[in-house]
Ligand SMILES: *Cc1c(COP(=O)(O)O)cnc(C)c1O
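In the numbering used here, the protein residues as written are 69 to 457.
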């Protein structure tokens, strides 16, 4: 029982978080993003009073919204972006004895999802410009055991999926896109999911479209893969009493589907702000000789999950920016083939030189929708100050 002194929390978010970005320039912006949390809580009441806690109409609605937006036929909500990749590979029959080609310059989860199916991750180096898998190197690692390619759309810059699809078809491989950075991103007008077997998205709190915890969604144009994924995420059940295959519990929570649906309305604005902020930084930073920015291509709509570039004396620049209150981050300082977890794969320093080169020089600045122009200018000014230019 609540005692009589109980007061409903007025501000939900403690005051000190409400305007933390006044002087500090953070990657984390969740308190600003959900300042309209009361509207969301209203929507959540409906879930509570109808007891619709697992799957149900809210999940269906979110899945169709997300799939329609990305021109895909089916959307399947799952527990996380990691599960989206893992379940996709399982649905496509990947397991022990198989080899799966991917990028060493990615978040751990891409490789974790491959390895936990029992398959062997095989790395292909990335391109210096844009940090995506170098398609011209893929064929050199294809063996009789190769079954799949998992390209990663780094920072929301879509790989050339037409080329990857053609290569995959030629060698009879499946393609699972790690599109966790690539919500709303396009290349030649197509979204992730158009030239692959599945495209996998994360709804983690720091992704471009995010929820209040973990969540993920898979897109596919294949009815067969979609039904298999629906089985795999829900114990292999075809109805309440019949199980056709022992499987997993990895549903997108109904509550998270409501949050996702709510934020979906803001997706155009979120995407546009990231692009505008990044283009502004490009224009201001391109003349700094100590930096190497990625080139931009007109046919690619990058959504800048990260604004990252290469720089001289990276660790020094990062410490300086941090001391000025700018949350510059390193995504990521150790490529996957050199992680302890990968030691059984027997890669060594020098094997994937471009990824290793990038890992030592890459840095990311916050460009989310709550970053202001004065903050962008401040970041530019501090970078110039560090290099004395
Ligand atoms: C975030 C992320 C994932 C995993 O998503 P989760 O929802 O956190 O499981 C996979 N790949 C990449 C590239 C990511 O950034």
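The beta carbon of each residue, even a glycine, is placed where N, CA and C say it ideally should be.
Just so we're clear, the structure is a prediction, and the values are computed from it rather than from any experiment.
- Item | Boundaries (first-last residue) of the beta strand (DSSP E) holding residue 216 | The residue you call residue 216 lines up with position 148 of the chain shown. From DSSP, the beta strand (DSSP E) with residue 216 extends over 214-218.
- Message: Is it the case that the segment 316-335 contacts the segment 126-134, given that we only count it when at least three CB pairs across the two stretches are under 8 Å?
- Response: yes
- Item | Backbone secondary structure at residue 178 - three-state DSSP | As a position in the chain shown, residue 178 is number 110, starting the count at 1. Residue 178: helix per DSSP, three-state reduction.
- 7 Å Cβ shell around residue 402 - same chain, five flanking residues per side excluded: On the chain shown, residue 402 is found 334 positions in, with the first residue counted as 1. For residue 402, where only same-chain residues beyond five positions count, the Cβ hits under 7 Å are 427.
- Do you know how far the Cα of residue 309 is from the Cα of residue 373? Within the chain shown, the letter at position 305 stands for residue 373. Within the chain shown, the letter at position 241 stands for residue 309. So the alpha carbons of these two residues sit roughly 42 Å apart.
- Item | Within 8 Å, strictly: CB atoms of residue 284 and residue 270 | Taking the first residue of the chain shown as position 1, residue 284 is located at position 216. Taking the first residue of the chain shown as position 1, residue 270 is located at position 202. Contact flag set, yes.
- Going by DSSP, which residues form a beta bridge with residue 189? For the purposes of this step, residue 189 is taken as the residue at position 121 of the chain shown. In DSSP, residue 189 forms a bridge with 168.
- Message: My output table needs one value for residue 94: the three-state DSSP class, helix, strand or coil.
- Response: Taking the chain shown and counting its residues from 1, the one referred to as residue 94 is at position 26. Coil, per DSSP.
- Query: Candidates 355, 175, 154 and 220: which alpha carbon is nearest residue 316's?
  - Reply: Taking the first residue of the chain shown as 1, we reach residue 316 at position 248. When each option's Cα is compared against that of residue 316, the closest is 154.
- Query: When you compare only the Cα positions, how much space is there between residue 262 and residue 290?
  - Reply: The sequence position of residue 262 within the chain shown is 194, counting from 1. The sequence position of residue 290 within the chain shown is 222, counting from 1. Between residue 262 and residue 290, the C-alpha separation is close to 11 Å.
- Query: Can you list, in chain order, the stretches of the beta strand (DSSP E) that have 3 or more residues and sit fully within the segment 393-450?
  - Reply: 430-433
- Message: Using the three-state DSSP reduction, which class does residue 328 fall into: helix, strand or coil?
- Response: As a working note, residue 328 is residue 260 in the chain shown. Looking at residue 328 - three-state DSSP - the assignment turns out to be helix.
- Got a sec: does ligand 1 put a non-hydrogen atom nearer than 7 Å to the Cβ of residue 184? Within the chain shown, numbered from 1, the residue matching residue 184 stands at position 116. No - ligand 1 has no heavy atom lying nearer than 7 Å to the Cβ of residue 184.
- Message: I need the DSSP call for residue 130, collapsed to helix, strand or coil.
- Response: Taking the first residue of the chain shown as position 1, residue 130 is located at position 62. Three-state result, residue 130: helix.
- DSSP-derived helix/strand/coil call for residue 377: As a first step, residue 377 must be located in the chain shown, where it is residue number 309. Note: residue 377 maps to strand in three-state DSSP.
- Message: As a quick exercise: from 433, 216, 394 and 227, pick the residue whose alpha carbon is nearest that of residue 347.
- Response: In the chain shown, the residue the question calls residue 347 occupies position 279. Among 433, 216, 394 and 227, the Cα nearest to that of residue 347 is on 433.
- Residue interval of the alpha helix (DSSP H) (run including residue 103): As a first step, residue 103 must be located in the chain shown, where it is residue number 35. Careful: residue 103 lies outside any alpha helix (DSSP H) and carries neither H nor E.
- Message: So the candidates are 430, 441 and 245; which of them puts its Cα closest to the Cα of residue 344?
- Response: Walking along the chain shown from the start, residue 344 turns up at place 276. Measuring from the Cα of residue 344, the nearest candidate turns out to be 441.
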